[in-house]
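Working notes for the structure below.
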Amino acid sequence: MALDKDGIAKRIAQELQDRFYVNLGIGIPTLVANYIPEGISVEFQSENGILGMGPFPFSGEEDADLINAGKQTITALNGAVYFDSATSFAMIRGKHVQLTVLGAMEVSENGDIANWKIPGKMVKGMGGAMDLVACAENIIVAMMHTNKKGESKLLKKCSLPLTGVSCVKKIVTNLAVLEVLPKGGFKLIERAPGVSVEEIQLATEGKLLVEGEIPEMKFN
Amino acid sequence: MINKVVANVHEALLGIDDGMTLMLGGFGLCGIPENSIAELVQKGISNLTCISNNAGVDDFGLGLLLQQKQIKKMISSYVGENDEFERQMLNGELEVDLIPQGSLAERCRAGGAGIPAFFTPAGYGTEVAEGKEVRVFNGKPHILEDALTADFAIVKAWKGDAAGNLVYKATARNFNPMMAMAGKITIAEVEELVPVGTLDPNEIHTPGIFVQRIFQGELFEKRIEQRTLRNK
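Respectively, the protein sequence lines represent chains A and B.
Following the working numbering, the numbering of the first sequence begins with 1 at its first residue and continues without gaps.
Following the working numbering, the numbering of the second sequence begins with 221 at its first residue and continues without gaps.
What follows is the structure in structure tokens.
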């Protein structure tokens, strides 16, 4: 069965490593914070200016001055620190953040990503996404494999305006875990439980590389 | 000590005129100079170019200036929370320059720091890079981004003193410190104007040299955009 959004987040959480500083984008990526594996310490950075971001506040404890990059009220953990936007992006461009997880509308087989604009229709802006994808060494895209119309989001070439070029290395969808190869192509690494290679192939417009037996994702 | 205190928001905003470029601090509705925005609406100043990470929501923050069509051009990174903005932009009524958030922050910082331009990898290969010089450093292409300055920068701080020293609270700091540096005249709107000597010099975020006028705002609504809670 294909994963739900929490399932995608759970699988991505397995990529977290001890002592990682992590930036989580809006949407599915935010859910990753709920599934940190036991025994490891990570710290979450939100690009509006906090390291050591904690969970959402209890009712009555929310503070208009304390939000995340999605403008949601949050809390700060012990050891947290606030900083200005230039310092925040120095952390990001300077590669001090070890992992970035973000959503996408399209990803191409050479690692291009589009997630900020639909010409003539949706004009929201890129926020920090262009800085994040241009600089992070370790980017995981969290998204559904197909869009609402059922069309593949893993393409030969992105049709929407790009957010960054040749930057995505790993993708976790409701159907599969895939790696973007340096020479191009989506290499199938794992299948969602009960999802066949054929189903993944059908939902992938770009070049899909399947080598040998593809294992199912494992969840505890 | 050079005293920067002005009596009220009206006095603070004297000299702001039609067609000027303003920087306004804040991220979303967090840390925005809401008293100054209300005064700009009341004064009806128009044809403004506003540099601000976001454009408020329909009925608060910079959205109030958009409603009155006082803004000619916005320079921002994310404007997704404002339907009126999207409508004016898609209809060609509003000029918009969308730039990556980190580049926006650094362009303001550079403007205040006397750095005319800098290279960044953000936006390379995208429409943001159109018309910009590209240079390769360490095997990776970067684009040239210009510094930004403004006729007036309007920032919001938690505490400030007569010397113009500012302390921000939590994530309300965001763009305020860089914009404070980049205004030809910088106006600081503070929640609390404290006596000189009470702020610990070790813990001041914006040194008073960057601030020309300071006043205590009368009313802070501090609206929350996304009240997100955890269950007990």
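Backbone N, C-alpha and C fix where the C-beta goes; we use that ideal spot for every residue, glycine too.
Everything numeric in this text was worked out from a predicted model, so none of it was measured.
Self-check item: Buried versus exposed call for GLY403/B [16 or more other C-beta atoms within 10 Å across all chains shown]
Solution: Residue 403/B sits at position 183 when you count from the first residue of the second sequence. Around the beta carbon of GLY403/B, a 10 Å sphere encloses 16 or more other beta carbons of the protein chains shown; the residue is thus reported as buried.
Quiz prompt | For LEU209/A, the residue or residues it bridges with in DSSP | solution = Start at 1 with the first residue of the first sequence, and residue 209/A comes out as number 209. Beta-bridge analysis with DSSP links LEU209/A to LYS187/A.
Quiz item: In chain A, which residues lie with their C-beta within 7 Å of the C-beta of ALA392/B?
Solution: Looking up residue 392/B in the second sequence gives position 172. The contacting residues are ASP65.
Quiz item: Does any residue of chain B bring its CB to less than 7 Å from the CB of LEU24/A?
Solution: As a working mapping, residue 24/A is identified with position 24 in the first sequence. Chain B contact via Cβ: absent.
Practice problem: Starting from LEU162/A, find everything on chain B with Cβ-Cβ shorter than 7 Å and list it in chain order. | Solution: Counted from its first residue, the first sequence places residue 162/A at position 162. For LEU162/A, the C-beta contacts it makes with chain B under 7 Å involve GLY345 and THR346, in order along the chain.
Quiz item: Around the C-beta of MET398/B, are 16 or more other C-beta atoms found within 10 angstroms, so that it is buried, or is it exposed?
Solution: The residue given as residue 398/B occupies position 178 in the second sequence. The residue in question, MET398/B, is buried, as its Cβ has 16 or more Cβ neighbours within 10 Å.
Quiz item: For ALA408/B, which residues of its own chain have a beta-carbon under 6 Å away from its beta-carbon, when the five flanking residues on both sides are left out?
Solution: Position 188 of the second sequence holds residue 408/B. If you ignore the 5 residues before and after ALA408/B, its C-beta comes within less than 6 Å of the C-beta of VAL375, ALA377, GLY380, LEU386, VAL431 and ILE434, all in its own chain and listed in chain order.
Quiz item: How is ASP278/B classed by DSSP in three states: helix, strand or coil?
Solution: Mapped onto the second sequence, residue 278/B falls at position 58. DSSP, read as helix, strand or coil, puts ASP278/B in coil.
Practice problem: Might you give, ordered along the chain, the residues of its own chain that have their beta carbon closer than 6 Å to the beta carbon of ALA69/A, omitting 5 neighbours on each side? | Solution: Position 69 of the first sequence, counted from the first residue, corresponds to residue 69/A. Close CB contacts of ALA69/A within its chain, under the 6 Å cut and outside five residues either way in sequence, are with SER46, GLU47 and ASN48 (chain order).
Quiz item: At least one CB of chain B closer than 7 Å to the CB of LYS124/A: is that the case?
Solution: Sequence index remark: in the first sequence, residue 124/A carries index 124 (1-based). Yes, LYS124/A counts as interfacial toward chain B.
Quiz item: What whole-angstrom Cβ distance do GLN446/B and LYS124/A have, given they're in contact under 8 Å?
Solution: Position 226 of the second sequence, counting from 1, holds the residue named residue 446/B. Position 124 of the first sequence, counting from 1, holds the residue named residue 124/A. In fact, because the Cβ distance is near 15 Å, the residues do not count as touching under 8 Å.
Practice problem: Express the C-alpha separation of PRO182/A and THR241/B in angstroms, rounding to a whole number. | Solution: As a first step, residue 241/B is located in the second sequence; it is residue number 21 there, counting from the start. As a first step, residue 182/A is located in the first sequence; it is residue number 182 there, counting from the start. Rounded to the nearest angstrom, the two C-alpha atoms are 44 Å apart.
Self-check item: Minimum Cβ-Cβ distance from PRO336/B to chain A less than 7 Å
Solution: Indexing the second sequence from 1 puts residue 336/B at position 116. At a cut-off of 7 Å between beta carbons, PRO336/B makes no contact with chain A.
Quiz prompt | Residue of VAL356/B, VAL229/B and GLU326/B minimising C-alpha distance to LEU368/B | solution = One-based indexing of the second sequence puts residue 368/B at position 148. Looking at the Cα atoms, GLU326/B is the closest of the given residues.
Practice problem: Starting from GLY384/B, find everything on chain A with Cβ-Cβ shorter than 9 Å and list it in chain order. | Solution: Counted from its first residue, the second sequence places residue 384/B at position 164. Within chain A, no residue comes near GLY384/B; the closest Cβ sits about 17 Å away, beyond 9 Å.
Quiz prompt | Residues of the stretch 249 to 274 of chain B with Cβ closer than 9 Å to any Cβ of chain A, in chain order | solution = Result list: LEU249, CYS250, GLY251, ASN273 and ASN274.
Self-check item: Three-way DSSP call (helix, strand, coil) for GLY403/B in this model
Solution: For this step, residue 403/B is matched to residue 183 along the second sequence. Of the three classes helix, strand and coil, the one that applies to GLY403/B here is strand, per DSSP.
Practice problem: Tell me, please, whether the CB atom of TYR82/A is closer than 7 Å to any CB atom in chain B? | Solution: Taking the first sequence and counting its residues from 1, one reaches residue 82/A at position 82. With a threshold of 7 Å between beta carbons, TYR82/A makes contact with chain B.
Quiz item: How would you list, in chain order, the residues of chain B whose beta-carbon sits under 9 Å from the beta-carbon of SER108/A?
Solution: Taking the first sequence and counting its residues from 1, the one referred to as residue 108/A is at position 108. Residues of chain B passing the Cβ test: none, with the nearest at roughly 12 Å.
Quiz item: Cβ atoms of ILE12/A and ILE200/A: under 7 Å apart, would you say?
Solution: Here the question's residue 200/A lines up with position 200 in the first sequence. Here the question's residue 12/A lines up with position 12 in the first sequence. Not in contact: ILE200/A and ILE12/A (Cβ atoms no closer than 7 Å).
Practice problem: Kindly say whether ASN48/A, judged by its beta-carbon, lies nearer than 7 Å to any beta-carbon of chain B. | Solution: Working through the first sequence from its first residue, we reach residue 48/A at position 48. Yes - at least one Cβ of chain B is within 7 Å of the one on ASN48/A.
Practice problem: Would you grab the beta carbon distance between PHE357/B and ILE405/B for me? Rounded to a whole angstrom, and I think it's under 8 Å. | Solution: For the purposes of this step, residue 357/B is taken as the residue at position 137 of the second sequence. For the purposes of this step, residue 405/B is taken as the residue at position 185 of the second sequence. In fact, because the Cβ distance is near 36 Å, the residues do not count as touching under 8 Å.
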